[in-house]
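First the structure, in the form of structure tokens, and then the observations on it.
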Amino acid sequence: MKLILVEDDVFFRKFYVEKLKEKGFEIEEADDGEQGLEKIRSFKPDLVLLDIIMPKKDGFEVLKDMQADSSLKDIPVLVFSTLGQETDVAKAKKLGATDYVNKSLFDFNQLLEKINTLTKK
Amino acid sequence: MPNPDLTTYKTLYLQTAREHLRDLKKDLTLLNQTPQDQHLVYEIFRLFHSLKSQNYFMGFQNTGNFCKTLETYFRKIKDGFTAYHPAVSNIIIESIVQIENSLNMIEKNGLEKDLHFEISSFEKRLGLQ
Numbered sequence: 006m007k008l009i010l011v012e013d014d015v016f017f018r019k020f021y022v023e024k025l026k027e028k029g030f031e032i033e034e035a036d037d038g039e040q041g042l043e044k045i046r047s048f049k050p051d052l053v054l055l056d057i058i059m060p061k062k063d064g065f066e067v068l069k070d071m072q073a074d075s076s077l078k079d080i081p082v083l084v085f086s087t088l089g090q091e092t093d094v095a096k097a098k099k100l101g102a103t104d105y106v107n108k109s110l111f112d113f114n115q116l117l118e119k120i121n122t123l124t125k126k
Numbered sequence: 319m320p321n322p323d324l325t326t327y328k329t330l331y332l333q334t335a336r337e338h339l340r341d342l343k344k345d346l347t348l349l350n351q352t353p354q355d356q357h358l359v360y361e362i363f364r365l366f367h368s369l370k371s372q373n374y375f376m377g378f379q380n381t382g383n384f385c386k387t388l389e390t391y392f393r394k395i396k397d398g399f400t401a402y403h404p405a406v407s408n409i410i411i412e413s414i415v416q417i418e419n420s421l422n423m424i425e426k427n428g429l430e431k432d433l434h435f436e437i438s439s440f441e442k443r444l445g446l447q
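One line per chain: the protein sequences are A and B, in this order.
Residue numbers 6 to 126, in the numbering used here, belong to the letters of the first sequence in order.
Residue numbers 319 to 447, in the numbering used here, belong to the letters of the second sequence in order.
In structure tokens:
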């Protein structure tokens with residue numbers, strides 16, 4: 006299973022990449038939206054874990070670009086949100102995000118459940 | 319209460335949180351020279367947002383709530399509801415010192431600073447109440 010984590014915060018990136026690798030996922034990482042989009046195009050993941058507030062290109066722009074690209078628009082996107090971002094999550098869903106997790110809650114099992122649900126073909 | 323399952327990540331948390339504070343100081347100095355710079359406003363908003371998320375994740379709710387106050391202030395500027403004025407920079411610097419103090423306490427004894435009073439006080443001073 007191939008995942009990509011697009012997240013600007015090195016703390017969250019290191020934590021989640023380490024935990025997901027332990028569970029056997031093949032995972033790429035990107036630290037801003039611009040790099041994220043490049044890696045989504047080259048890596049062709051089964052699922053994108055996408056932060057919203059990022060430098061260079063934010064999560065909303067990444068979603069817009071993915072929707073405009075026929076080779077990317079069907080890849081499920083799980084938004085990595087945090088408390089107080091309810092409006093951002095709603096906007097992300099309108100732009101094509103499939104679901105969201107609260108990355109600040111440290112509920113790793115919930116994240117795994119969502120990954121498994123979204124990648125079932 | 320700090321999350322006991324995450325103690326192995328405390329060093330990384332403290333290191334990255336301090337890097338965010340260092341970048342905040344740098345960006346704030348630049349913003350005082352060019353108060354209309356929306357890129358700098360977004361960067362400062364993003365850094366407070368990251369600090370908030372990290373603190374909630376580690377279980378430091380109080381420090382997270384304090385960072386949320388500053389994130390909300392810069393979100394309002396970013397979204398055009400208010401403008402940044404360099405006269406406010408002293409308040410922002412004070413807020414950075416409060417976060418630094420909380421991080422120092424967390425490093426020393428594992429407990430964050432009680433910032434209940436400061437949250438209310440900074441909300442008033444930043445016109446958020």
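Each residue gets a CB set at the ideal place from its N, CA and C atoms; glycine is no exception.
Asked	Found
Taking 8 Å as the cut-off, decide whether the C-beta atoms of V359(B) and I410(B) are in contact.	no
Which class does S163(A) belong to by DSSP, given the choice of helix, strand or coil?	Because residue 163(A) is not part of the residues shown, which for chain A are 6 to 126, the question remains open.
Using CA atoms only, rank isn't needed, just tell me which of N380(B), K431(B), S407(B), S371(B) is closest to S109(A).	S371(B)
Does the structure place the stretch 363-370 of chain B close enough to the stretch 386-393 of chain B that three or more beta carbon pairs sit under 8 Å?	yes
With distance defined between alpha-carbon atoms, name the residue in H357(B), G428(B), Q416(B) nearest to L339(B).	Q416(B)
What residues from chain B crowd round F20(A), counting only those whose CB sits closer than 7 Å?	Y327
Spatial neighbours of E34(A) within its chain, please: C-beta separation below 6 Å, excluding the five flanking residues on both sides.	L10, R18, V22
F16(A) versus chain B: which residues are under 7 Å apart at the beta carbon?	L330, Y331, T334, Q372
Output the boundary residues of the alpha helix (DSSP H) element that contains A95(A).	91-99
At 4 residues or longer, and completely inside the stretch 327-390 of chain B: list those alpha helix (DSSP H) runs for me, N to C.	328-351, 356-376
Ignoring anything shorter than 3 residues or poking outside the stretch 24-74 of chain A, list the beta strand (DSSP E) runs there in chain order.	31-35, 52-56
In chain B, which residues lie with their C-beta within 7 Å of the C-beta of I58(A)?	R364, H367
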